[in-house]
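Position in the sequence shown (first residue = 1) + 80 = my numbering.
A short write-up of the structure that comes next.
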Amino acid sequence: MGVGGEVPVRPQKTGSFKDLVVWQQAMDLAVAIYEETKRWPKEESYGLTSQVRRAATSIPSNIAEGYGRETRGAYLQFLRVAQGSLKELESQLLISQRTSVAPNGTVDPLLERVESVGKLLRLLLRKLEQA
C-alpha cells in the first residue's frame with residue numbers, strides 16, 4: 081500500500097511517460113499551438129496568446145507529472161488537471177476564432193487535435209479507474 085492506503089502505480093508501469101501516445105499527441109498539440117500563435121497579433125502577446133500557450137503546455141506537463149507520482153489516485157488527479165487544461169484550451173481557441181484573433185481557418189485543425197487528445201485522455205483515465 082502507498083501513502084494513505086492508496087495502491088502504488090509503479091509495479092504496473094513500464095517505460096516512460098514519453099511512451100504514452102496521449103503525451104506524444106499532447107506535445108504535438110502544444111508545438112502546433114506555439115507555431116500558430118506566432119501569427120497572432122502582437123497586442124495579444126500578454127493576453128490570449130499567453131493564456132493559450134500556458135493551457136497547451138499544461139496538458140503534456142500534467143500527464144508527465146501524474147505519471148511520475150507514486151499512486152494511482154495521484155496519477156488520476158493530474159490526468160484530470162490535464163483534461164481541465166484541454167477544455168480551457170478549447171474554449172480559448174473558440175474565443176480566438178470568434179474575436180478574429182486567429183486567422184480564418186486556422187483554429188479548426190487545432191480543435192480536431194484537441195478532440196483527439198481528449199479521446200486518448202478519457203481512454204487512459206477510464207483504464208486507470210478500472211484497474
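Ideal placement from N, C-alpha and C gives every residue a C-beta, glycine not left out.
Quick check: the Cα distance between residue i and residue j, rounded to an integer number of angstroms?
i, j, result
"L166", "P140", "10 Å"
"G146", "A154", "6 Å"
"Q177", "M107", "22 Å"
"G185", "A211", "41 Å"
"Q105", "G198", "10 Å"
"V161", "L128", "20 Å"
"K122", "S196", "29 Å"
"L159", "L208", "10 Å"
"M81", "T179", "Confidence at M81 is low in this model, with a pLDDT of 40, below 50, so the placement of that residue is unreliable and no value is reported for it."
"V111", "T117", "10 Å"
"W120", "I175", "13 Å"
"Y126", "R152", "36 Å"
For residue i, I'd like the list of residues in its chain whose CB is within less than 8 Å of its CB, leaving aside the five on either flank, ordered along the chain.
i, result
"R202", "Q163"
"L173", "V132, A182, V187, L190, L191 and V194"
"L100", "I143, Y147 and L204"
"L156", "G146, L205, L208 and E209"
"Y114", "R133 and A136"
Just to check my reading of the structure: residue i and residue j have Cβ atoms closer than 8 Å, yes? What is that Cβ distance to the nearest angstrom?
i, j, result
"E168", "A144", "Contact flag wrong, Cβ pair sits at about 18 Å."
Going along the chain, which residues of its own chain have a beta-carbon closer than 7 Å to the beta-carbon of residue i, five neighbours each way excluded?
i, result
"E124", "V181"
"W103", "F97, P140, I143 and A144"
"R90", "Note on R90: pLDDT 41, under 50, position unreliable in the model; no value is reported."
"R206", "none"
"L200", "V101, V102 and Q105"
"E170", "L191 and V194"
Less than 6 Å between C-beta atoms, sequence neighbours within five positions excluded: which residues of the same chain meet that for residue i?
i, result
"S138", "S165"
"G95", "none"
| task | Identify every run of the alpha helix (DSSP H) within the stretch 140 to 189, keeping only runs that are complete inside it and at least 4 residues long; order them along the chain. | result | Runs of the alpha helix (DSSP H) inside the stretch 140 to 189: 152 to 178.
| query | Going along the chain, which unbroken runs of the alpha helix (DSSP H) with 4 or more residues stay wholly within the stretch 89 to 141? | reply | Counting only runs of 4+ residues, the alpha helix (DSSP H) found wholly inside the stretch 89 to 141 occupies 101 to 117, in chain order.
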